[in-house]
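Student: Here it is, the structure in full.
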Amino acid sequence: KPLARPVTLREIKGNSRLKGIPLVRQSRLSVMPLAEPEFREIENMGDALDGIERGGR
Numbered sequence: 068k069p070l071a072r073p074v075t076l077r078e079i080k081g082n083s084r085l086k087g088i089p090l091v092r093q094s095r096l097s098v099m100p101l102a103e104p105e106f107r108e109i110e111n112m113g114d115a116l117d118g119i120e121r122g123g124r
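Numbering (this note's numbering) for the sequence shown: 68 to 124.
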């Protein structure tokens, strides 16, 4: 489903639940695998219309 807003790299890097994903550990990845919980976390972040992260800090 489309997200309500884009999730920035800064937001992803600032979310402690996502600190182990390759996007945070390596640079210049355009496609990467995500575990279901990581995908759901980014999806939830994108659904937050006010731009405030829902969790992870």
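Note that CB positions come from ideal geometry on N, CA and C, so glycine has one too.
(1) Which residue comes first and which comes last in the alpha helix (DSSP H) that contains Ile109?
(2) First and last residue of the alpha helix (DSSP H) that includes Arg92?
(3) Closer than 8 angstroms by C-beta to Met99: which residues in its own chain qualify, once you throw out the five before and the five after it? Chain order, please.
(4) So Glu105 packs on Leu85, CB below 8 angstroms; how close in whole Å?
Tutor: Answer, in terms of the structure:
(1) Glu103 to Asp114 is the span of the alpha helix (DSSP H), which, as asked, contains Ile109.
(2) Pro89 to Arg92
(3) Ile88, Pro89 and Leu90
(4) 6 angstroms
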